[in-house]
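*Asks:* Mind having a look at this structure? Questions to follow.
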Amino acid sequence: MHILSVQTKGQQLIYLFGRTLAYFVSIDLSCNSLTGEIPTYITSLAALMNMNLSSNQLSGEIPSMIGTMQSLVSLDLSQNKLSGEIPSSLSNLTSLAALNLSYNSLSGRIPSGRQLDTLNSENPSLMYIGNNGLCGPPVHKNCSGNDPFIQGDVANSNQKFDPLTFYFGLVLGFVVGLWMVFCALLFKKTWRIAYFRLFDKVYDQVYVFVVVKWASFAENTAVE
1 MHILSVQTKG
11 QQLIYLFGRT
21 LAYFVSIDLS
31 CNSLTGEIPT
41 YITSLAALMN
51 MNLSSNQLSG
61 EIPSMIGTMQ
71 SLVSLDLSQN
81 KLSGEIPSSL
91 SNLTSLAALN
101 LSYNSLSGRI
111 PSGRQLDTLN
121 SENPSLMYIG
131 NNGLCGPPVH
141 KNCSGNDPFI
151 QGDVANSNQK
161 FDPLTFYFGL
171 VLGFVVGLWM
181 VFCALLFKKT
191 WRIAYFRLFD
201 KVYDQVYVFV
211 VVKWASFAEN
221 TAVE
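Positions 1 to 224 (UniProt numbering) are the ones given, in order, by the sequence shown.
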């Protein structure tokens, strides 16, 4: 047995959450002065088909387990002070035919899929109007465009190529690399010996190659 506490018009009403409430098919507490958060236990009303808590002063987040209310056909939480993201479990309500979350302080990406994509087909954004923090379809606010980090990356990618900076960096890298090689040869005797041996070897190979090619060219010229 659970206790459901409802604050309305300065009075706190207590309901025993047992077999009686479990068979409720409709709750309409709209246009009252309800305050506080929506009780989590309300999501256990498996038979509830209509829930209207609009035009109150409810705060906090929408219960994350609201997707377990599989019989829900109509849900109206408009004109409250609800905040946070819309639970993704809302898309699990396959029987939902009417939804109104307008005029709250909800934020984040609007969940999509299944029944949510078919609601209010003429103007689906009306279900979420008055929530400036919401983004993504069906509202005309791009979630990725609101990310300051993404905006910064886009701005940087749009900068023009500066050839002066590129060539300066190229020359600086070449000088630093050459200086490191020079210092290594200056302070490492074994490296210095190996370098000059390699240089002599390459020089001899190039010299022999040039001499052979020149002799071959001279011979062919003489024959012609």
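Note that beta-carbon positions come from the ideal geometry of N, C-alpha and C, so glycine has one too.
1) Could you please give the first and the last residue of the uninterrupted beta strand (DSSP E) stretch that includes threonine 43?
2) For the candidate residues Leu93, Ser33, Ser55, whose alpha-carbon lies nearest to that of threonine 43?
3) If you measure between the beta carbons of glycine 130 and tyrosine 103, is that distance less than 7 angstroms?
4) Looking at asparagine 56 and aspartate 76, is the spacing between their C-beta atoms short of 7 angstroms?
5) In chain order, what are the residue ranges of uninterrupted beta strand (DSSP E) at least 3 long that sit wholly in the segment 102-134?
6) Would DSSP call glutamine 79 helix, strand or coil?
7) Just to check my reading of the structure: leucine 82 and serine 112 have Cβ atoms closer than 8 angstroms, yes? What is that Cβ distance to the nearest angstrom?
8) Residue range of the beta strand (DSSP E) that alanine 98 falls in?
9) Taking the alpha carbon of leucine 90 as the point to measure from, which residue in Asn80, Val73, Gln79 has its own alpha carbon closest?
10) Closest by CA to leucine 34, which one among Gly60, Leu48, Ser26, Glu219?
11) What do you reckon, are the CB atoms on isoleucine 110 and glycine 136 nearer than 7 angstroms?
12) So, at 7 angstroms on beta carbons, what are the nonlocal neighbours of histidine 71 in its own chain, with the 5 sequence-adjacent residues on each side left out?
13) Taking glycine 36 as the reference, which of Val139, Ile62, Val211 has the closest Cα?
14) Nearest to threonine 68 by CA position, among Pro87, Ser78, Asn80, is which residue?
15) Taking its Cβ as the centre, do 16 or more other Cβ atoms sit within 10 Å of asparagine 80, making it buried, or is it exposed?
16) Taking the alpha-carbon positions, what's the glutamate 219 to valine 212 distance?
17) Got a sec, what are the start and stop residues for the beta strand (DSSP E) isoleucine 27 sits in?
18) Rounded to whole angstroms, what is the Cα-Cα separation between methionine 65 and valine 139?
19) When DSSP builds the beta bridges, which residues end up paired with glycine 84?
20) In the structure shown, what three-state DSSP assignment does glutamine 205 receive?
21) Look up glutamine 57 in the DSSP assignment and give the residues it is bridged to.
22) For asparagine 142, which of helix, strand or coil comes out of DSSP?
*Replies:* A quick look at the data gives this:
1) Neither: threonine 43 is in no beta strand (DSSP E) and is coded neither H nor E.
2) Leu93
3) yes
4) no
5) 105-109
6) coil
7) Between serine 112 and leucine 82 the Cβ distance is about 19 angstroms, and since that is not below 8 angstroms, they are no contact.
8) 98-100
9) Val73
10) Gly60
11) yes
12) Correcting the residue identity first, residue 71 is serine in this sequence and not histidine. These residues qualify, in order along the chain: Ala46, Ala47, Leu48, Met49, Ser95.
13) Ile62
14) Pro87
15) buried
16) 11 angstroms
17) 26-28
18) 24 angstroms
19) Leu106
20) helix
21) Thr35
22) coil
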